[in-house]
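Take a look at the structure set out below.
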Amino acid sequence: MKEILGNSLFFGVGISVGTYLLGTYIKKKCNFFLCNPLLLAITMTIATLLLTGIDYQQYNNGAKYLSYLLTPATVALAIPLYEQVKLLKKNMTAILIGIASGVLTSFISIFAMALLFKLNHTEYVTLLPKSITTAIGIGLSEELNGYVAITVSAIMITGLFGNIAGAGICRLFGIKHPVAKGIAIGTATHVMGTAKAMEIGEVEGAMSSLSVAVAGCMTVAAAIIFEGLI
Amino acid sequence: MKYILQFEIIIAISLIGELLNRLIPLPIPASIYGMVILFTALCTGLIKLSAVKETGKFLIYIMPMMFIPATVGLLESWSIMQNFLIAIIVISLVSTVIVMALTGRITQFIINVKNKEKKS
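In the order they appear, the protein sequences are chains A and B. Per this note's numbering, the first sequence starts with residue 3, numbered consecutively. Per this note's numbering, the second sequence starts with residue 2, numbered consecutively.
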């Protein structure tokens, strides 16, 4: 059984989509914030792999076709952004200053906590790209000579957290304006947060998509300054 | 026919993005180049919204699922993370809350100030 499933090209996608489907079903039945479809799907998929003994490489042989769609899906984020282009033009200054301050805050807070945890240079630069989208994060981590696999993990933890708690954090800090909500979620938690912002509303989703692109590029530019601090 | 054309346009733009990513020595991924290209093409009218809308929205709708394989991959890096696992988790979560709160408040503050300026 393990052999058949492990070698099957459809097992990876099947288990991922299946657990996600189950996750959305559980979300409908119980509205607790930890009942997040993405979190449930990931937990159930990991549990299945551990229980059956199928290793990640075998799973990913099929599941990579799901990741493959991520590039075209990110390209498609231009569609909601275009639909909100008037709102974008109207709030251009607020949006750009907001994202820039977010990128700066990200670096300063990581720097401060890196001092607190006494991280060395490599560990510090590994975490610097944690708020930006994976593809840019990998490139930046390589450039800074960080541990790329750990950068990816930090990006995933950040994104998953944004997907679960993004709406709650905005509520807690009194962020009500849909444009501000989208910019906050996108700048802090990249494409994974954006997936959630899309569910909150069209404006939130569009603004979040924009922040992913802008914050990503600003992070690459600003990393050169912050890299040398530790 | 319509959906096939929409899918092909999105894939073709992804392809151009990938080429730019290889040609330009910056750590900017194909997806971001592609997003900028599609946005510019829509704004200039080179590509009509109706030529990408449904397939694009479908891709966005199923997007959360696409993160499952990479996140399950945390399994693999678990062992190398052990040395500073707590630091990674604490820094990731705390900095995310601070960044999100501050970005949102600053953006909202400027929007409100501008709106008041316009009214008065």
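All C-beta atoms, glycine included, are put in the ideal place defined by N, C-alpha and C. Please read these numbers as outputs of a predicted model, since none were measured by experiment.
Within 10 angstroms of the Cβ of A167 of chain A, are there 16 or more other Cβ atoms? Answer buried if so, exposed if not. buried
Does the beta-carbon of A114 of chain A have 16 or more other beta-carbons within 10 angstroms, so that it is buried, or is it exposed? exposed
Would you list, in chain order, the members of the segment 65-82 of chain B that have their beta-carbon closer than 9 Å to a beta-carbon of chain A? P65, M66, M67, F68, I69, P70, A71, T72, V73, G74, L75, L76, E77, S78, W79, I81 and M82
Alpha carbon to alpha carbon, how far is G230 of chain A from W79 of chain B? Give it in angstroms, no decimals. 27 Å
Would you say N93 of chain A faces chain B, with C-beta separation under 8 Å as the test? yes
Is I101 of chain A closer than 8 Å to T72 of chain B when the C-beta atoms are compared? no
Which residue from A:L40, A:Y84, A:N63 and A:L83 puts its Cα closest to that of I63 of chain B? A:L40
Considering only the alpha carbon of each residue, which of A:L7, A:P180 and A:A156 lies closest to A65 of chain A? A:L7
Take I56 of chain A and list the residues in its own chain whose beta-carbon comes closer than 7 Å to its own, dropping the five residues that flank it on each side. K4, L7 and G8
Boundaries (first-last residue) of the alpha helix (DSSP H) holding G18 of chain B: K3 to L24
How about L129 of chain A and I92 of chain B: do their beta carbons lie closer than 8 Å? yes
Select from A:A223, A:T76, A:F228 and A:I232 the residue whose C-alpha is nearest the C-alpha of L27 of chain B. A:A223
Spatial neighbours of L79 of chain A in its chain, beta-carbon cut-off 6 Å, leaving aside the 5 residues before and after: S211
Taking beta-carbon pairs under 8 Å, can you tell me which members of the segment 175-186 of chain A lie near chain B? F175, G176, I177, K178, H179, V181, A182, K183, I185 and A186
Boundaries (first-last residue) of the alpha helix (DSSP H) holding S111 of chain A: M94 to L118
Closest Cβ-Cβ distance between Y61 of chain A and chain B: below 8 Å? yes
Within a Cβ cutoff of 8 Å, which residues of the same chain sit near S96 of chain B, ignoring the five residues on either side of it in sequence? none
Going by other Cβ atoms of all chains shown within 10 Å of its Cβ, with 16 needed for buried, is T196 of chain A buried or exposed? buried
Indicate whether at least one CB of chain B lies closer than 8 Å to the CB of L79 of chain A. yes
Could you give the DSSP three-state label for S51 of chain B: helix, strand or coil? helix
Helix, strand or coil at M200 of chain A according to DSSP, with G and I counted as helix: helix
Taking only beta-carbon positions, decide if M220 of chain A is within less than 8 Å of chain B. no
Any beta-carbon of chain B closer than 8 Å to the one on L42 of chain A? no
Hey, would you say A208 of chain A sits closer than 8 Å to Q86 of chain A, going by beta carbons? yes
Please check if any C-beta of chain B sits within less than 8 Å of the C-beta of C32 of chain A. no
On the criterion of 16 or more Cβ atoms from any shown chain inside 10 Å, does E9 of chain B qualify as buried, or is it exposed? exposed
Given 8 Å as the limit, is there contact between the segment 146-165 of chain A and the segment 42-58 of chain B, that is, 3 or more CB pairs closer than that? no
Cβ-Cβ separation, N62 of chain A to G14 of chain A (assumed contact under 8 Å), whole Å: 6 Å
Unbroken alpha helix (DSSP H) run spanning F110 of chain B, endpoints: L86 to K120
Tell me which residues share the same chain as E144 of chain A and place their Cβ nearer than 7 Å to its Cβ, disregarding the 5 neighbours each side in the sequence. V150
P30 of chain B to S121 of chain B span [Cα, whole Å]: 44 Å
Strictly under 8 Å for the Cβ-Cβ distance: is A208 of chain A near chain B by that measure? no
Strictly under 8 Å for the Cβ-Cβ distance: is A49 of chain A near chain B by that measure? no
F119 of chain A versus chain B: which residues are under 9 Å apart at the beta carbon? F85, I87, A88, V91 and I92
Can you list the residues of chain B that C172 of chain A reaches, using a CB-CB cut of under 8 Å? M101 and G105
Starting from the C-beta of C37 of chain A, find all residues in its chain whose C-beta is less than 6 Å away, skip the five residues before and the five after it, and write them out in chain order. I28 and K29
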